[in-house]
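Residue numbers (our numbering), protein chains in the order written: chain A, 1 to 434; chain B, 1001 to 1256.
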């Protein structure tokens, strides 16, 4: 070995050939190694594995037969028990009998179920370009009109209402664009005033009996119920509270004391009050704040309260994201001559929101589950349906596991989907390559 | 290469005038009675111990820091609290930071085209051509579609220089551009800055690279405790410093 000779004689060393790279040895990978490393690394670890396996067996051995042997066809719990004849199994017949009530509430006209169904399917089309930004940007046009389509499908009645709402928003936006060059405040308030003027004038023009012979019969808000109501509240409130939360977070950082203090007081007040209290306020007290006869219905009042509640939380999450950005990012944006809205939109918010994704998703999932709280103000959402009309009926009094298990399953599917999406989004946005 | 410095033209036109400028952080007096006139094409190196206010001084020039007394005039525009003036000055004055401050969520090319597109309203295609031109100039056109996190420190700082140049600034400020770099990468950044100086860019550099100062600067300013203690041509500054404070500083940084 010439190299070791060199070593023996002096400390000087010059590498003449490169050490080739090699694959890892076989005992560093493979399933056997995985089992040993993860399940039986130490005696205690092995014991815990066995105990865990026993628990899994115990749960599955009683739950699986209960589920597999379930009865799907029976008119009532009594009939179901007769079929089972003393055996322990689920009585899923309540789901096949009452699925429509669980999903749509007990008052939504059953020949109109296709309307919420279609709105639900279109929701995915509308949400896709927002959630997956590799899709063509032109699809956002549909997202923009989706709320009006969904409103028309769900509530029906005269088509003039959603059209008027749309025209009002477009009009307000045009006024905003015209005035914003002067000052942001002028554009912002000008836009809002313009929208209200259009809505008020339009409201006079729509005749009172316009809904009488509408293509889609009108369904009042109080007929909405079941899982549909949870979805409506969840989707509306999440999509409203994210932009409001961003505005509150930026407002809280504002150098203008008035704006800053309005935001701070709002956030701290809302966070200091339980959601259930806000819902009671929506139910009972908020009506006093609207002019008599304006008929702001309970659904809208609840949406306002839940949105305010989650916007306050999202604002704090985003504030954390803003605080996590190095000061150098603000300075670099400033030094290039970007003005405040540009710096925020192009540099600061994309990064701050990326950091805030786990927190925002946390709030969104919590919000979606909290929509079941509306059952305490006698709205018949999914939990309200189960606790009220279904469990109170003579046929199905006493069926708990199947109903609440089904509710849990639906909520789990949605929440798990949101969680998976957020993890995909974090990977997709990762550009730090650490 | 030292003769380059003498070849480079300095015009009589004034680029920056700072008159009796004072700044406080709370009650702490960071900048005291700063008077400085910079001609177009001048290359000024500012040095001094840490905490002497040298970074604060150049950060006042593009209003990243607010001064409380005196006046700063950049390219004939008076720096006041008027946001329009501030944005105008910022778009004419490029700045490079110690920690590069590239935008990590944008590619190298997007980092370079962002300000031209949004501030100068340059069409996207034209902005990209300009960006590629300057990326070639700093010798990293092949990294255009990578993200900043994938580049070495020296490459990132050269991108930062290219990003500033894309706005076609008339003045460049450098705030310790090589202080956060490994020794191997300092040279590539300094070479880029030297090239820029040779093209006649007006430059103010806060740096401890005294070799760079000797080669490129036509004036070296020494600051201590928020004041300009001494300023002179590089030869005279290094060979014959007048103030004892300057002598001590130079002996400490050149002695090792």
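Glycine included, each C-beta is placed from N, C-alpha and C at the ideal position. Computed from a prediction, not measured in an experiment: that's the story for all the values here.
Cβ-based burial, residue i [other Cβ within 10 Å; buried from 16]
i, result
"residue 321 of chain A", "buried"
"residue 190 of chain A", "buried"
"residue 164 of chain A", "buried"
"residue 1066 of chain B", "exposed"
"residue 1125 of chain B", "exposed"
"residue 1114 of chain B", "buried"
"residue 1219 of chain B", "buried"
"residue 137 of chain A", "exposed"
"residue 99 of chain A", "exposed"
"residue 1109 of chain B", "buried"
"residue 204 of chain A", "exposed"
"residue 274 of chain A", "exposed"
"residue 64 of chain A", "exposed"
"residue 109 of chain A", "exposed"
"residue 285 of chain A", "exposed"
"residue 44 of chain A", "exposed"
"residue 236 of chain A", "buried"
"residue 375 of chain A", "buried"
"residue 1128 of chain B", "buried"
"residue 68 of chain A", "exposed"
"residue 1035 of chain B", "exposed"
Those residues which DSSP pairs with residue i across a bridge
i, result
"residue 83 of chain A", "Residue 83 of chain A is not bridged to any residue."
"residue 435 of chain A", "Here chain A covers residues 1 to 434 and nothing more, so residue 435 of chain A does not appear."
"residue 1218 of chain B", "Residue 1218 of chain B is not bridged to any residue."
"residue 1073 of chain B", "B/1017, B/1078"
"residue 1130 of chain B", "Partner(s): none; residue 1130 of chain B has no beta bridge."
"residue 1060 of chain B", "The partner list for residue 1060 of chain B (beta bridge, DSSP) is empty, contrary to what the question assumes."
"residue 381 of chain A", "A/226"
"residue 1094 of chain B", "B/1172"
"residue 1224 of chain B", "B/1227"
Terminal residues of the alpha helix (DSSP H) in which residue i lies
i, result
"residue 37 of chain A", "31 to 38"
"residue 1155 of chain B", "1153 to 1165"
"residue 1175 of chain B", "No alpha helix (DSSP H) holds residue 1175 of chain B; the beta strand (DSSP E) holding it covers 1171 to 1175."
"residue 98 of chain A", "93 to 104"
"residue 437 of chain A", "Examination of residue 437 of chain A is not possible in this model, given that chain A is present from 1 through 434 alone."
"residue 241 of chain A", "226 to 252"
"residue 1035 of chain B", "From DSSP, residue 1035 of chain B is part of no alpha helix (DSSP H) but of the beta strand (DSSP E) over 1028 to 1039."
"residue 308 of chain A", "298 to 324"
"residue 1102 of chain B", "No alpha helix (DSSP H) contains residue 1102 of chain B, which DSSP labels as neither H nor E."
"residue 419 of chain A", "401 to 429"
"residue 1195 of chain B", "1183 to 1198"
"residue 1251 of chain B", "1244 to 1254"
"residue 447 of chain A", "The requested residue 447 of chain A is not part of the displayed model; chain A covers only 1 to 434."
"residue 1147 of chain B", "Run containing residue 1147 of chain B: none; DSSP gives neither H nor E here."
"residue 144 of chain A", "140 to 155"
"residue 219 of chain A", "Residue 219 of chain A -> no alpha helix (DSSP H), and no H or E assigned at all."
Segment limits, beta strand (DSSP E) that includes residue i
i, result
"residue 1231 of chain B", "1227 to 1232"
"residue 1043 of chain B", "1043 to 1047"
"residue 1016 of chain B", "1014 to 1025"
"residue 1203 of chain B", "1202 to 1206"
Neighbour flag for residue i against chain E, beta carbons, 8 Å
i, result
"residue 1032 of chain B", "The chain inventory of the structure shown lacks chain E, comprising the protein chains A and B."
When Cβ atoms are compared, which residues of the segment 1085 to 1103 of chain B fall closer than 7 Å to chain A? 1087, 1090, 1091, 1095, 1097, 1099, 1101, 1103
Would the segment 1226 to 1239 of chain B and the segment 1024 to 1033 of chain B be scored as touching if the rule is three or more Cβ pairs under 8 Å? yes
Return the residues of the segment 1136 to 1165 of chain B that lie within a Cβ-Cβ distance of less than 7 Å from chain A, sorted by chain order. 1147, 1149, 1150
In the segment 1099 to 1132 of chain B, which residues sit with their C-beta less than 7 Å from some C-beta in chain A, listed in chain order? 1099, 1101, 1103, 1104, 1105, 1114, 1115, 1118, 1119
Using a Cβ-Cβ cut-off of less than 7 Å, give me the residues of the segment 1164 to 1186 of chain B that come near chain A, in sequence order. 1167
Going along the segment 1049 to 1073 of chain B in order, which residues come within less than 7 Å of chain A, judged by CB to CB distance? 1062, 1064
Counting Cβ pairs closer than 8 Å, one from the segment 1057 to 1072 of chain B and one from the segment 1230 to 1244 of chain B, do we hit at least three? no
Quick one, which residues of the segment 347 to 378 of chain A are near chain B if we go by CB-CB under 9 Å, in chain order? 347, 350, 351, 354
Taking only beta carbons into account, state which residues of the segment 325 to 347 of chain A come closer than 7 Å to chain B, listed in chain order. 328, 329, 331, 332, 334, 335, 336, 337, 338, 339, 342, 346, 347
Cβ pair count under 8 Å reaching 3, the segment 1165 to 1182 of chain B against the segment 1206 to 1213 of chain B: yes
With three or more C-beta pairs closer than 8 Å as the rule, is the segment 1033 to 1046 of chain B touching the segment 415 to 426 of chain A? no
May I ask you to list, following chain order, the residues of the segment 33 to 66 of chain A that have a beta carbon less than 9 Å from some beta carbon of chain B? none
Cβ pair count under 8 Å reaching 3, the segment 234 to 251 of chain A against the segment 303 to 312 of chain A: yes
Are at least three pairs of beta-carbons, each pair with one atom in the segment 323 to 330 of chain A and one in the segment 339 to 355 of chain A, less than 8 Å apart? yes
Three-pair Cβ contact test at 8 Å for the segment 86 to 102 of chain A versus the segment 65 to 74 of chain A: yes
With three or more beta-carbon pairs closer than 8 Å as the criterion, would you say the segment 310 to 321 of chain A touches the segment 261 to 270 of chain A? yes
Using a Cβ distance threshold of 8 Å, determine whether the segment 334 to 345 of chain A contacts the segment 1085 to 1096 of chain B, with at least three qualifying pairs required. yes
Inter-stretch contact at 8 Å, needing at least 3 Cβ pairs: the segment 214 to 233 of chain A / the segment 374 to 389 of chain A: yes
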